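Engineer: Heads up: the sequence shown runs through residues 1 to 269, numbered per UniProt numbering.
Sharing a structure below in structure tokens format, with a few things to ask.
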Amino acid sequence: MTLNLSRLQSALQTLMETHHGTSLLPTIHYFDTLASTNQTAWELLEQGEPAGTVVISGQQTAGRGQWGRQWQSSQGGLFLSKTLDLKLSVAQQAQLTLCSAWGIATILRDRGCPVQLKWPNDLILNQRKLGGILTETKISQHYITQAVIGVGINWSNPVPEIGINLQTFFADSATISSIQSLEFLAALILQGLDLGIQQLSSATINKVLTDYTHLLTCIGKPISIADQQGVIIGISEQGNLRVGLYPQTEIGFSQEIDLKPGTISVGYS
1 MTLNLSRLQS ALQTLMETHH GTSLLPTIHY FDTLASTNQT AWELLEQGEP AGTVVISGQQ
61 TAGRGQWGRQ WQSSQGGLFL SKTLDLKLSV AQQAQLTLCS AWGIATILRD RGCPVQLKWP
121 NDLILNQRKL GGILTETKIS QHYITQAVIG VGINWSNPVP EIGINLQTFF ADSATISSIQ
181 SLEFLAALIL QGLDLGIQQL SSATINKVLT DYTHLLTCIG KPISIADQQG VIIGISEQGN
241 LRVGLYPQTE IGFSQEIDLK PGTISVGYS
């Protein structure tokens with residue numbers, strides 16, 4: 001399945017006229033096959049392409065997720081990356097991922113897809129993985145100055161048992177599909193990224209965390225840490241998972257700990 005650039009640009013223009021969005025169409029590069037859209041996005045930045053440039057590929061041969069894990073990137077999926085110029089504190093790096101995930105989920109929910117979030121960077125639909133986000137940054141003098149946000153979404157591609165694609169979701173549900181093409185899906189994802197970045201730049205950290213936490217699948221879920229029992233209660237400013245440990249009193253938990261991404265898996269439900 002090949003993405004049609006003119007249809008994508010038309011869809012973006014329509015969305016920008018009616019919803020949250022930027023005023024200028026981004027520069028978009030489409031490739032049938034790439035090793036990694038993030039890798040190509042960085043290369044284009046180094047060659048002088050402007051911030052906001054988008055890279056899309058029909059498939060990836062070396063796609064990756066968080067912590068270098070392989071990301072299945074076969075034909076029929078949406079694989080894109082967007083470049084950004086920023087000036088963010090290094091402490092806000094996790095918030096960039098949280099806001100991007102929230103923005104994409106919010107836009108898809110507006111289109112009838114009840115997407116939720118799996119901490120820290122997965123998009124979940126019907127308790128199965130719909131997609132994921134990989135944020136990479138460059139740091140200079142304690143500030144994030146550039147970033148590439150990579151997004152993979154299952155559209156019509158084959159998926160593993162823990163996955164789901166959007167065409168299967170709409171075919172199996174009573175919901176009438178409001179996402180009729182790969183091009184419109186790509187436009188929505190770019191709109192979601194814009195929405196997330198807008199929130200990062202304008203909202204308080206409490207607002208960011210509240211909105212993200214509202215869509216998390218794991219809030220209130222029991223969890224075992226070594227020999228201790230607790231419950232997931234939220235997300236910290238650093239993007240860590242907040243866990244309250246039992247016993248619980250009238251004024252709260254006896255102890256609260258933070259878990260960094262990659263130290264524990266919280267499952268899809």
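Ideal Cβ placement from N, Cα and C applies to all residues, glycine included.
This one's a predicted model, so the numbers in the text were calculated from it and none came from an experiment.
1) Sort T37, G262, N154 and G252 by Cα distance to T53 and report the nearest one.
2) Between T135 and I124, which are expected to be in contact by the criterion C-beta below 8 Å, what is the C-beta distance as a whole number of angstroms?
3) If I measure Cβ to Cβ from G77 and keep anything under 7 Å in the same chain, skipping five residues before and after, which residues do I get?
4) With C-beta atoms as the reference, is T83 less than 9 Å away from A51?
5) Return helix, strand or coil for K207, following the three-state DSSP convention.
6) CB I232 to CB V266, shorter than 9 Å?
7) If you follow the beta strand (DSSP E) that L88 is part of, which residue opens it and which one closes it?
8) Would DSSP call A174 helix, strand or coil?
9) Would you give the residue range spanned by the alpha helix (DSSP H) that I104 belongs to?
10) For L134, name the three-state secondary structure that DSSP assigns.
11) Classify G21 as helix, strand or coil using the three-state DSSP reduction.
12) My assumption, with CB atoms under 8 Å, is that Q59 sits in contact with Q75. Please give the rounded CB distance.
13) For A226, count neighbouring Cβ atoms within 10 angstroms of its own Cβ and tell me buried if that reaches 16, exposed if not.
14) Which class does T2 belong to by DSSP, given the choice of helix, strand or coil?
Structural biologist: This is what the structure holds:
1) Ranking the options by Cα distance to T53, first place goes to T37.
2) Contact doesn't hold; Cβ gap of about 18 Å is too wide.
3) Answer for G77: G152, I153, N154, W155 and N157, listed in chain order.
4) Closer than 9 Å, so yes.
5) The answer is helix: DSSP assigns K207 an H, G or I state.
6) Yes, they are a contact pair.
7) If you look at L88, you'll find it in the beta strand (DSSP E) that goes L78 to S89.
8) Look at A174 here: in three-state DSSP terms it is coil, with no helix or strand label.
9) If you look at I104, you'll find it in the alpha helix (DSSP H) that goes Q93 to D110.
10) Residue state, collapsed to three classes: strand.
11) With a pLDDT of 49 at G21, under the threshold of 50, the modelled position of this residue cannot be trusted, and the question is left open.
12) The C-beta distance from Q59 to Q75 rounds to 5 Å, short enough to meet the 8 Å contact threshold.
13) With fewer than 16 other CB atoms across the displayed protein chains lying within 10 angstroms of its CB, A226 is exposed.
14) Secondary structure at T2: coil, using DSSP grouped into helix, strand and coil.
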